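Visitor: The first sequence begins at 263 in this note's numbering and counts up by one. Take a look at this one; I'll ask things after.
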Amino acid sequence: MKIYNSLSRQLEDFVPLHPEQVSIYSCGPTVYDYIHMGNARTALVTDIIRRYLVYKGYNVKLVQNLTDIDDKIINRAAELGVSAKQLAHQNGEAFFQDSQRLGIQPADVHPKATEHIPEMIDLIQILLEKGAAYVIDGSVYYRVNQFAEYGKLSNRKPEDLLAGARVEIDERKEDPRDFDMWKAAKPGEPSWESPWGRGRPGWHIECSAMAMKHLGETIDIHAGGEDLRFPHHENEIAQSELATETPFARYWMHVAFLKIDGKRMGKSEQNFILLRDALDNYPPEVIRHFLISAHYRHPLDYNQESLTKSEGALRRLNNCLDALKNYDGDIETNETTAAPLQHAVQEMKSQFTQAMDTDFNTAQALGAIFTLVSEVNKSLSTLDEAAAPVLPKAYQALTETCQVLGIYNVEAQNDDGNNVQHRDQIINLLLEIRQDARNRKDWETSDKIRDRLKELNIEIKDTREGATWKIIS
RNA sequence: GGUGGCGUAGCCAAGUGGUAAGGCCAGGGCCUGCAAAGCUCUUACUCGUCGGUUCGAUUCCGACCGCCACCUCCA
């Protein structure tokens with residue numbers, strides 16, 4: 263299995279620190295607003311990496327943080343006339359809701375910055391003791407020139423960092439590259455006690471402290487959006503590695519931007535689509551399909567046309583799975599069959615694994631899945647006797663892989679409730695009446711039943727074996 | 001100015017030093033009372049342009065053109 267490591271800028275064999283055990287830290291959102299599709303892309307990639315590693319048999323511990331104290335939160339809260347704490351709490355809850363709706367499984371731990379102040383203070387203290395930090399007016403800065411490897415993640419030399427800088431330089435800092443780990447409190451802002459007076463943590467120290475607390479000094483995979491590569495992740499490395507003198511993360515993964523109209527979707531651009539709005543318009547599986555239809559390191563453009571394409575692809579997949587479901591398990595296995603479909607199932611599994619093993623190539627994995635869909639449809643339409651015993655295997659292979667990608671929700675297919683049985687009986691009665699009408703070529707009645715049911719989102723298909731129906735959305 | 005990425009059929013998108021997955025759309029055929037779904041055939045002698053390396057390049061190297069991103073808060 264190979265992963266593209268942003269640190270080495272090449273594909274590397276994936277070897278976790280401890281065999282069969284993988285630790286992942288994913289940079290979560292700053293909760294001053296609802297999350298948008300770009301945030302969702304990164305979260306989804308992490309979710310699928312986790313699912314796939316579990317599928318491969320690893321034990322995975324995933325930590326995804328929430329930055330719940332920050333300038334943006336303070337400012338937004340002031341605009342809205344609520345406390346920063348309340349705003350962060352609300353948006354944090356909304357983030358969990360939205361993620362869940364997209365079918366993203368909760369992380370094992372969702373640490374919040376405000377609940378880890380002591381750990382951050384301890385870490386800053388260590389860096390001060392090592393001479394890698396200094397205090398000015400109650401703020402603590404990281405002394406970048408103490409860390410020789412600074413710039414190794416973003417591939418930047420010290421002089422590069424200064425040349426094009428468009429930042430206003432704080433004259434009090436020893437070096438323009440130095441960044442704050444602790445900000446002295448300003449009047450009216452939330453603050454915590456510290457050895458340097460009241461204040462609040464800087465952004466970068468949060469992730470260093472929380473990652474190390476929940477996953478140890480060295481984590482296997484650290485993921486985030488590509489915008490975090492510099493300065494956020496670079497600074498995390500500087501803080502963590504100088505403090506522990508051991509590698510912070512073995513594999514750095516950066517998810518490319520989601521674009522809209524060819525431009526980066528970003529909060530500061532005001533061109534974002536909220537995940538919850540997209541979820542109101544499309545089923546979660548469709549959105550997931552869209553988001554994984556391109557490799558995670560390639561930019562992807564958000565537009566209605568692309569979502570519509572994913573809708574079509576999902577329809578094809580679901581039609582196939584629906585047809586297959588009827589064969590699930592009710593055919594005795596005949597090991598002697600040498601049907602072409604048997605080969606296709608094996609081929610699909612190996613192609614899927616190979617694709618995912620190569621830096622989580624979901625686009626290629628989807629190709630493998632749809633190739634089998636095509637083979638299954640072929641067998642189904644020709645009523646291939648030899649293929650029949652393989653059908654349950656095909657169903658299983660398809661559902662297994664689709665669930666790794668989260669584009670097929672078995673539970674959602676099986677409606678619950680006691681009314682279902684009753685409803686089915688009524689629909690079947692209607693189909694019976696319709697069949698009678700068809701037998702006497704009373705097309706008017708026959709079509710009326712079909713059309714009216716369609717209006718009720720129940721779609722009828724006439725097959726060789728008689729009419730079938732299903733609920734459409 | 002520095003750093004990184006991208007340019008593959010009408011659209012989206014994989015991919016490889018040996019001759020182009022998959023999806024959507026479109027058109028023909030089969031099936032159907034008509035549909036829907038499905039099947040089937042058709043849709044890039046070609047992978048931004050120009051050079052180079054090679055028996056052979058879309059894939060490696062170089063130049064150029066175009067687009068995007070990071071260097072500032074943003075996943």
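Backbone N, C-alpha and C define an ideal beta-carbon position, used for all residues, glycine too. For clarity, every value in this text was computed on a predicted model and none was experimentally measured.
1. Rounded to whole angstroms, what's the CA-CA distance from L586 to Q608? Just pull it up for me.
2. Starting from Q517, trace the beta strand (DSSP E) in both directions and tell me its first and last residue.
3. Using CA coordinates, which residue listed in G393, A447, R312 and P380 is at the minimum distance from A369?
4. Specify the secondary structure class of H560 as computed by DSSP and reduced to three states.
5. Of the choices Q616, A601 and S453, whose alpha-carbon is the least far from that of T644?
6. Indicate the three-state DSSP secondary structure (helix, strand or coil) for M527 in the structure shown.
7. Could you tell me which residues DSSP pairs with P463 in its beta bridges?
8. Could you spell out the range, first to last residue, of the alpha helix (DSSP H) harbouring A630?
9. Going by Cα to Cα distance, which pick from A446, R702, E727 and V325 is closest to P457?
10. Roughly how many angstroms lie between the CA atoms of K397 and V406, to the nearest whole one?
11. Among Q683, K529 and F534, which residue has its Cα nearest to the Cα of D523?
12. Leaving out five residues on either side along the sequence, give the residues of the same chain with a beta carbon under 7 Å from the beta carbon of R460.
13. Return the CA-CA distance between L569 and R578, expressed in angstroms with no decimal places.
14. DSSP three-state call for E455: helix, strand or coil?
15. Considering only their Cβ atoms, is the gap separating V402 from I388 smaller than 8 Å?
16. In angstroms, rounded to a whole number, what distance separates the CA positions of G298 and N639?
17. With DSSP run on the structure shown, which of helix, strand or coil describes H249?
18. For the alpha helix (DSSP H) that T308 lies in, which residues bound it at each end?
19. Going by DSSP, name the residue or residues bridged to G728.
20. From the DSSP output, in three-state form, read off S268 for me.
21. Shortest alpha-carbon distance to E364 belongs to which of I310, V277, D295 and E567?
22. Can you tell which of D422, S708, I734 and A617 has its C-alpha closest to the C-alpha of I492?
23. By the three-class DSSP mapping on this structure, what secondary structure does K374 have?
24. So, for M263: in the same chain, excluding its five sequence neighbours on each side, which residues have a beta-carbon less than 6 Å away from its beta-carbon?
25. DSSP on S555, reduced to helix/strand/coil?
26. Quick check: the region 463-474 against the region 345-365, are at least 3 beta-carbon pairs closer than 8 Å?
27. Suppose you measure from the CA of I722 to the CA of R714; what does that come to, to the nearest Å?
28. Considering only the alpha carbon of each residue, which of K347, L324, Q326 and N327 lies closest to I335?
29. Name the two residues that bound the continuous beta strand (DSSP E) containing V284.
30. Between S572, V635, N543 and N623, which lies nearest to L583 when the distance is taken from Cα to Cα?
31. By alpha-carbon positions, which one of I483, V293 and Y320 ends up nearest to Y287?
32. Are there 16 or more other CB atoms within 10 angstroms of the CB of R712, so buried, or fewer, so exposed?
33. Which whole-angstrom value is the C-beta distance of P561 and A606, which I expect to be below 8 Å?
34. Who are the near neighbours of S708 in its chain, counting only those whose CB is closer than 8 Å to its CB and skipping five residues on each side?
35. What separation, rounded to the nearest whole angstrom, lies between the Cα atoms of T661 and K392?
36. Could you tell me which of T725, R434 and G486 sits nearest to T308, measuring between CA atoms?
Guide: In short, the structure shows the following:
1. 17 Å
2. For the record, residue 517 in the displayed sequence is Val; it is not Gln. Counting along the chain, the beta strand (DSSP E) containing V517 begins and ends at A511 to V517.
3. R312
4. coil
5. A601
6. coil
7. W444
8. T624 to T644
9. A446
10. In the sequence as presented, Lys is not what sits at residue 397; that position holds Val. Each residue's Cα considered, the two are about 14 Å apart.
11. F534
12. A447, S453 and W454
13. 14 Å
14. coil
15. no
16. The residue you asked about is not Gly; residue 298 is His in the sequence shown. One C-alpha to the other measures close to 37 Å.
17. No answer is possible for residue 249: the residues shown for the chain start at 263 and end at 735.
18. M299 to Y317
19. T725
20. coil
21. The identity of residue 364 in the sequence shown is Leu, whereas the question assumes Glu. Among I310, V277, D295 and E567, the Cα nearest to that of L364 belongs to I310.
22. The identity of residue 492 in the sequence shown is Phe, whereas the question assumes Ile. For F492, the nearest C-alpha among the options comes from D422.
23. strand
24. F276 and D619
25. coil
26. no
27. 11 Å
28. K347
29. Q283 to S288
30. V635
31. I483
32. buried
33. That pair is no contact at about 33 Å.
34. R696, A699 and R700
35. 54 Å
36. G486
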